[in-house]
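Residue numbers (the numbering used here), protein chains in the order written: chain D, 42 to 464; chain C, 42 to 464.
Right, dumping it as structure tokens:
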């Protein structure tokens with residue numbers, strides 16, 4: 042069976058907000074055996090919303106709509122649904138009570154505007170929203186299902202998990218099973234990898250497909266398989282992943298869809314080792330990537346973001362003469378940053394970055410995108426110079442420097458483990 | 042005239058990659074007077090791509106497609122276009138030369154696979170891509186335009202700016218002019234703000250629309266206007282923004298679509314004052330938000346991310362007995378973090394956070410979402426306790442703590458300026 046997603050909102054259509062809901066929903070649905078055939082964004086306009094709902098209900102078995110359920114005048118989804126299903130709104134007492142309690146707990150009173158949140162189409166099943174004031178709605182017409190959810194990402198995700206997926210599973214039996222596996226490489230270009238993998242790719246059975254997702258130095262290879270027997274499919278996919286990894290060799294850094302920082306985090310956790318960072322051009326992005334992961338306090342102790350040179354000098358004890366003579370973006374400075382952060386924060390490893398993120402600040406010698414990176418460990422210091430170039434702007438330089446520095450750390454952890462084992 | 046955007050890629054459809062291209066493209070088009078009627082995501086499947094292109098060319102004047110132009114086997118956009126336009130592929134010499142030079146500059150050789158990047162449909166205008174190997178394509182049929190662009194975000198953005206927008210402007214005269222204005226509030230709920238603004242909202246002329254975009258404590262109010270005379274429209278919109286701000290009063294923190302950190306950055310730059318941060322639960326996200334902005338070194342000196350308690354103690358000189366007796370998430374600790382970061386990094390202001398981002402680590406006393414924040418300035422220390430709750434997870438707690446702490450800084454800068462003026 043196929044599902045279509047329709048995300049409603051002028052803010053999405055005019056590009057003020059990036060539509061992350063579609064990706065989150067598609068992923069949840071696919072994991073549970075439901076395939077999304079298309080996702081569509083429309084504005085807050087009744088005719089367009091109605092046209093998309095109508096078209097979709099003719100082409101697929103279920104349609105999930107998000108957005109337009111708020112209390113304000115631009116929220117028109119309920120009106121469109123009532124028109125389309127030839128029904129009217131009624132006050133839902135349990136929703137009313139819940140909204141009143143929710144507002145009460147925040148010290149707020151129920152207003153006429155809030156009350157509209159408890160108005161629902163006659164004939165709709167109510168999907169209770171524990172995280173906000175707009176409930177989800179489930180309607181059926183001629184064997185097809187229409188679901189309406191609030192657009193607030195975490196409210197939508199809660200309703201998908203707790204209400205929509207279980208109901209879809211009861212209502213439709215997933216037919217084909219889908220399975221995705223991801224293998225990630227770093228350090229090789231897309232066409233070279235494609236040439237390397239070609240003989241194997243051409244031998245793939247028709248129910249397993251390969252896709253390339255290159256992004257900022259990393260290539261995610263995605264294998265998508267389908268079949269009636271989930272166990273058999275899982276075994277087949279595992280065998281293909283092994284063949285792929287044998288061909289791609291050292292370029293592979295993960296056999297799953299994890300960020301580089303997650304890969305490194307698992308390695309540190311397994312070895313009960315600790316990490317600190319000293320960041321100049323990455324400006325806290327390394328720290329943020331690490332501290333986005335729950336449980337990071339087990340291995341991450343902190344960072345010194347030494348954006349200004351006097352902070353490099355005063356807090357990280359970088360030599361004033363090296364800063365003066367070699368410049369902040371130099372091997373000498375980045376190595377001192379790593380070595381001294383490791384001592385100051387008392388960790389097994391320290392990773393440091395110093396570079397020119399742009400768009401300004403480049404010189405003929407050190408153009409925008411020039412980044413020095415260093416890793417300090419019990420073995421000593423390892424440093425590397427990269428030229429990421431200016432294309433893609435400041436965000437891309439910061440991202441690539443973070444990923445590359447974390448890859449250096451990954452290699453250092455492996456090297457240190459094997460040298461320790463040898464001893 | 043209307044434009045439709047079609048973003049192609051299984052990775053988008055299955056939720057592996059969030060579709061940021063649609064938002065970037067819509068925004069660029071709207072700024073130049075072109076309205077996007079809908080955005081659609083389809084997978085790498087010829088029939089679906091063809092159906093969407095065909096449907097769109099019947100409904101709108103121009104269709105822009107992204108993705109599926111890479112050198113690998115899952116990239117089929119050019120094949121679909123050739124079928125649809127009854128044409129074939131030819132080798133484009135300038136593209137071939139450019140790709141060869143680009144690869145050469147990276148020390149790589151031209152392969153058969155790379156050569157396919159220079160194959161283009163006969164009859165298509167080539168839009169040179171300075172940032173990558175796949176050129177854009179421009180085709181026309183029965184007065185309608187089809188544009189095909191690579192899916193790599195910065196390559197797409199470069200081609201939109203340098204090729205597509207100028208060509209659209211020559212080809213179609215933008216009819217109606219569109220203008221968006223954004224006013225942002227913090228500290229008031231959506232329905233209360235809606236009640237406050239209702240009399241004014243009901244008096245808006247039909248060509249100006251209001252929309253509410255609530256997200257994590259902040260509400261973005263978007264006014265969208267259209268009309269034939271851009272100057273008159275700008276004046277009308279300005280007058281409406283003033284009325285809105287008069288009603289919303291102190292809740293307004295920006296009259297444009299800027300992040301809170303950008304608002305604060307401008308204030309610091311104007312006053313030539315400096316900032317440092319000391320982060321525990323926000324873990325570098327404050328630093329990252331600030332250092333994402335070009336030119337931040339003018340006012341931002343750095344941060345101490347003291348994730349571990351011994352780093353709070355050793356680097357930020359937080360009292361060991363306060364850490365022991367009051368806990369890391371306490372008024373005492375966060376105030377010392379702010380005060381000592383201001384001294385250590387020698388800045389005019391320092392902002393500190395300490396809280397429980399979750400999902401683990403909460404207690405009955407201090408549940409997940411509990412965050413202490415402090416701002417240190419020449420006037421002394423200001424601190425505040427917030428309960429953001431666990432809903433929305435770790436990322437939301439980190440985001441709300443960052444925004445709220447930056448709002449505290451904003452108010453402190455204003456208070457300090459006015460007290461200085463009075464003296």
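For each residue, glycine too, the CB sits at the ideal point set by N, CA and C.
Query                                                                                                                                                                                      : Result
At what residues does the alpha helix (DSSP H) containing residue 329 of chain C begin and finish?                                                                                         : 326-332
For a cutoff of 8 Å on Cβ pairs, would you count residue 54 of chain D as touching chain C?                                                                                                : yes
Looking at the structure shown, is residue 50 of chain C part of a helix, part of a strand, or coil, going by DSSP?                                                                        : coil
CB residue 76 of chain C to CB residue 44 of chain C, shorter than 8 Å?                                                                                                                    : yes
Quick one: which chain C residues come within Cβ less than 8 Å of residue 429 of chain D?                                                                                                  : Those within 8 Å of residue 429 of chain D in chain C number zero; the least Cβ separation is about 12 Å.
Assess, as a yes-or-no matter, whether the region 301-316 of chain C is touched by the region 447-463 of chain C under the definition of 3 or more beta carbon pairs within less than 8 Å. : yes
Assign residue 255 of chain C to one of two classes, buried (16 or more other C-beta atoms within 10 Å of its C-beta) or exposed (fewer than that).                                        : buried
With distances taken Cα to Cα, identify the nearest neighbour of residue 150 of chain D among C:303, C:56, C:366 and C:236.                                                                : C:236
Rounded to whole angstroms, what is the Cα-Cα separation between residue 55 of chain D and residue 104 of chain C?                                                                         : 16 Å
Any contact between the region 243-260 of chain D and the region 182-190 of chain D? By contact I mean 3 or more CB pairs, one from each, below 8 Å.                                       : no
Using a cut-off of 7 Å between C-beta atoms, extract the partners of residue 236 of chain C located in chain D.                                                                            : 152 and 154
How is residue 456 of chain C classed by DSSP in three states: helix, strand or coil?                                                                                                      : helix
Tell me whether residue 437 of chain D, by its Cβ, gets closer than 7 Å to a heavy atom of the ligand ADP.                                                                                 : This structure lacks the ligand ADP, and indeed carries no ligand of any kind.
According to DSSP, which residues form a beta bridge with residue 394 of chain D?                                                                                                          : D:320 and D:414
Between the C-alpha atoms of residue 148 of chain C and residue 205 of chain D, what's the straight-line distance to the nearest angstrom?                                                 : 52 Å
Taking beta-carbon pairs under 7 Å, can you tell me which members of the region 169-184 of chain D lie near chain C?                                                                       : 172
Would you give the residue range spanned by the alpha helix (DSSP H) that residue 120 of chain C belongs to?                                                                               : 118-125
Enumerated in chain order, which unbroken segments of the beta strand (DSSP E) with a length of 3 residues or greater are wholly contained in the region 283-320 of chain D?               : 293-295 and 316-320
Secondary structure at residue 114 of chain C, three-state DSSP: helix, strand or coil?                                                                                                    : coil
How many angstroms separate the CA atom of residue 319 of chain D from the CA atom of residue 303 of chain C?                                                                              : 24 Å
Tell me which residues of the region 118-132 of chain C have at least one Cβ-Cβ distance to chain D shorter than 8 Å, keeping chain order.                                                 : none
Whose CA, out of C:416, C:74, C:429 and C:85, lies closest to the CA of residue 448 of chain C?                                                                                            : C:416
Helix, strand or coil for residue 159 of chain D, going by three-state DSSP, please let me know.                                                                                           : helix
For chain D, check one thing: does any of its Cβ atoms lie closer than 8 Å to the Cβ of residue 302 of chain C?                                                                            : no
Are any of the Cβ atoms in chain D nearer than 8 Å to that of residue 137 of chain C?                                                                                                      : no
If the criterion is Cβ atoms closer than 8 Å, does the pair residue 438 of chain C and residue 413 of chain C meet it?                                                                     : no
Within its chain, find whatever has a CB closer than 6 Å to the CB of residue 252 of chain C; leave out the 5 residues flanking it on each side and keep chain order.                      : 263
Is it a yes or a no for the region 332-352 of chain D touching the region 384-404 of chain D, going by three-plus beta-carbon pairs under 8 Å?                                             : yes
Determine the closest residue to residue 308 of chain C out of C:322, C:323, C:409 and C:331, with distance taken between C-alpha atoms.                                                   : C:331
What is the DSSP secondary structure of residue 182 of chain C, reduced to helix, strand or coil?                                                                                          : strand
Across which residues does DSSP place residue 347 of chain C in a beta bridge pair?                                                                                                        : D:343
Could you confirm whether any beta carbon from chain D is found closer than 8 Å to the beta carbon of residue 264 of chain C?                                                              : no
Does residue 60 of chain C come out as helix, strand or coil in the three-state DSSP assignment?                                                                                           : strand
Are any of the Cβ atoms in chain C nearer than 8 Å to that of residue 433 of chain D?                                                                                                      : yes
Check each residue of the region 96-120 of chain D: if its Cβ is closer than 7 Å to any Cβ of chain C, include it; give the result in chain order.                                         : 111, 112, 113, 114 and 115
Inspect the beta-carbon positions of residue 418 of chain D and residue 453 of chain D and report whether they are closer than 8 Å.                                                        : yes
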